[in-house]
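See structure below.
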Amino acid sequence: MQTRRDLLSHSARVAGLLAAAGLLPSLALAQGGGWNKAAFDAKTLAEALKALGAGAPAESKDVTITGPDIAENGAVVPIGAATTAPGARRLLVLVEKNPSALAAMFELSDAVEASVSTRVKMGQSSNVYAVAVMGDGKVLYAQKEVKVTLGGCGG
Amino acid sequence: MADPMRIRAQAAGDKTTVRVLMSHEMETGQRKDAAGKTIPAWFIQEVTAQHNGKTVLTAQWGPAVSKNPFMQFVVRGAKAGDKISVTWVDNRGEKRTDEATVA
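Structure below.
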């Protein structure tokens with residue numbers, strides 16, 4: 001563990017400026033319902049998508065996920081989600097093996113690029129998903145495995 | 156009231172990269188204190204970003220977002236001098252809004 005940590009002190013910088021083609025105008029930004037508890041309670045990608053009313057996901061190279069291969073500290077893992085597919089309405093970040101899979105959900109308007117980044121906690125090494133929900137109901141995702149040397153949940 | 160957010164909005168051509176650093180505990184509700192009692196969850200649930208008063212991005216977060224959360228996004232069509240404001244609401248109903256000027 002020590003040696004691996006020493007060896008890989010690099011961290012993948014989030015490439016935040018991925019251009020996205022024209023997004024759909026007039027999306028339901030403020031849906032008023034507030035925080036989607038069901039989605040954030042969901043344990044898996046499929047459950048979270050169901051709670052959001054989204055369909056079955058398809059892996060796509062139009063969606064990019066950026067993050068480190070190995071995170072030294074699971075409490076702060078920089079993750080970026082982006083898509084070049086036009087018409088993305090939502091970008092989600094999910095961590096497969098966290099107690100609740102869904103970490104963050106971003107609702108995009110036509111005035112922002114379909115590219116966001118944030119930092120998440122990871123309890124253990126796991127696949128991380130970036131999911132783009134399109135205006136036409138299609139759900140695309142990309143995944144990346146992130147190894148965690150020190151967990152960020154529990155204590 | 157929580158500490159102010161740090162917001163940087165940097166214009167490059169038509170695109171403005173906004174970086175936000177919030178100050179929040181983001182307690183998951185999974186950790187236990189020294190006495191073995193669960194520390195109640197306390198985290199930011201909703202984030203709204205506005206460009207000159209128009210909402211451009213909203214986000215919903217779970218407790219898996221890191222302590223003192225960072226968020227980056229890109230706004231199209233913002234010019235130097237425009238206002239970018241960010242508001243968050245946590246699960247205790249506390250909220251905070253901060254504003255920055257696009258540079």
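Which chain is which? The protein sequence lines are A and B, in order.
In this text, residue positions in the first sequence follow my numbering: the first is 1, and each later residue adds one.
In this text, residue positions in the second sequence follow my numbering: the first is 156, and each later residue adds one.
The beta carbon of each residue, even a glycine, is placed where N, CA and C say it ideally should be.
Are three or more beta carbon pairs between the region 125-132 of chain A and the region 83-95 of chain A nearer than 8 Å? A contact exists between the region 125-132 of chain A and the region 83-95 of chain A.
Measuring alpha carbon to alpha carbon, tell me which of B/Met-177, B/Arg-247, B/Ala-190, B/Thr-203 ends up nearest B/Ser-221. Nearest C-alpha to B/Ser-221: B/Met-177.
Can you list, in chain order, the residues of its chain with a C-beta nearer than 7 Å to that of A/Ala-101? Leave out the 5 residues immediately preceding and following it. Hits under 7 Å: Ala-42, Lys-43, Thr-44, Leu-45, Ala-48, Leu-94, Val-95.
Between the region 118-126 of chain A and the region 65-79 of chain A, do at least 3 Cβ pairs fall closer than 8 Å? Three or more beta-carbon pairs drawn from the region 118-126 of chain A and the region 65-79 of chain A are found closer than 8 Å, and the two stretches are therefore classed as touching.
Does any C-beta atom of chain A lie closer than 8 Å to the C-beta of B/Ala-166? It does not; no Cβ of chain A falls within 8 Å.
Using DSSP bridges, identify the partner residues of B/Phe-259. Nothing can be reported for residue 259 of chain B, as the shown portion of chain B is limited to 156 through 258.
On the CB-based measure, 16 or more other CB atoms within 10 Å of its CB, does A/Ala-104 come out buried or exposed? When all chains shown are included, A/Ala-104 counts as buried.
Is A/Arg-119 close to chain B? Criterion is C-beta to C-beta, closer than 8 Å. Closer than 8 Å to some Cβ of chain B, the Cβ of A/Arg-119 qualifies, so yes.
Over the uninterrupted beta strand (DSSP E) stretch that includes A/Glu-107, give me the two end residues. Annotation: the continuous beta strand (DSSP E) that includes A/Glu-107 extends over 102-108.
Alpha carbon to alpha carbon, how far is B/Gly-184 from B/Met-226? Approximately 22 Å, taken between the alpha carbons.
Within 8 Å of any Cβ in chain A, is that where the Cβ of B/Ala-214 sits? Flagged as an interface residue toward chain A: B/Ala-214, by a C-beta distance shorter than 8 Å.
Starting from B/Ala-219, find everything on chain A with Cβ-Cβ shorter than 7 Å and list it in chain order. Annotation: Cβ neighbours of B/Ala-219 in chain A (cutoff 7 Å, chain order): Val-95, Asn-98, Ser-100, Ala-103, Val-120, Lys-121.
Using a C-beta cutoff of 8 Å, does B/Val-229 count as contacting chain A? Cβ-Cβ to chain A under 8 Å: yes for B/Val-229.
Hey, does A/Gly-67 have any beta-carbon neighbour from chain B nearer than 8 Å? No, A/Gly-67 does not count as interfacial toward chain B.
I'd like to know whether the C-beta of A/Val-146 is nearer than 8 Å to at least one C-beta of chain B. With 8 Å as the cut-off, A/Val-146 does not count as an interface residue toward chain B.
Taking the Cβ atom as the reference point for each residue, do A/Thr-149 and A/Ile-70 lie within a distance shorter than 8 Å? Less than 8 Å divides the Cβ of A/Thr-149 from the Cβ of A/Ile-70.
Under 8 Å by Cβ, that's how I've got B/Pro-195 and B/Glu-182 pegged, so tell me the actual separation to the nearest angstrom. Rounded to whole angstroms, the Cβ separation of B/Pro-195 and B/Glu-182 is 7 Å, and the two are in contact under 8 Å.
Note down, in chain order, all residues in the region 230-243 of chain B with a beta-carbon under 7 Å from any beta-carbon belonging to chain A. Contact residues of the region 230-243 of chain B toward chain A are Val-230, Arg-231, Gly-232 (C-beta to C-beta distance below 7 Å).
Skipping 5 residues on each side, what residues in its chain have a beta carbon closer than 7 Å to that of B/Lys-238? The beta carbon of B/Lys-238 lies closer than 7 Å to those of Asn-207, Glu-254, Thr-256 in the same chain, with the five residues before and after it left out.
Can you check whether the CB of B/Trp-216 is closer than 8 Å to the CB of B/Val-202? Here B/Val-202 is near B/Trp-216, since their CB atoms are less than 8 Å apart.
For chain A, find out if any of its Cβ atoms is closer than 8 Å to the Cβ of B/Gln-205; answer yes or no. Judged by the 8 Å Cβ criterion, B/Gln-205 is not in contact with chain A.
For a minimum of 3 consecutive residues, which ranges assigned as the beta strand (DSSP E) are wholly contained in the region 184-210 of chain B? Runs of the beta strand (DSSP E) lying entirely within the region 184-210 of chain B, each at least 3 residues long, are 199-206 in chain order.
Distance, A/Ala-39 Cα to A/Glu-59 Cα: Taking the straight line joining both Cα atoms gives about 20 Å.
Just checking: is the beta-carbon of B/Met-226 within a distance shorter than 8 Å of some beta-carbon in chain A? Answer yes: the Cβ-Cβ gap between B/Met-226 and chain A drops below 8 Å somewhere.
Is A/Leu-92 near the ligand NAD, in the sense that its beta carbon is under 7 Å from a heavy atom of that ligand? Within the structure as shown, the ligand NAD is missing, as the structure has no ligands at all.
Determine the closest residue to A/Lys-147 out of A/Gly-67, A/Ala-114, A/Gly-55, with distance taken between C-alpha atoms. With distances taken between Cα atoms, A/Lys-147 lies closest to A/Gly-67.
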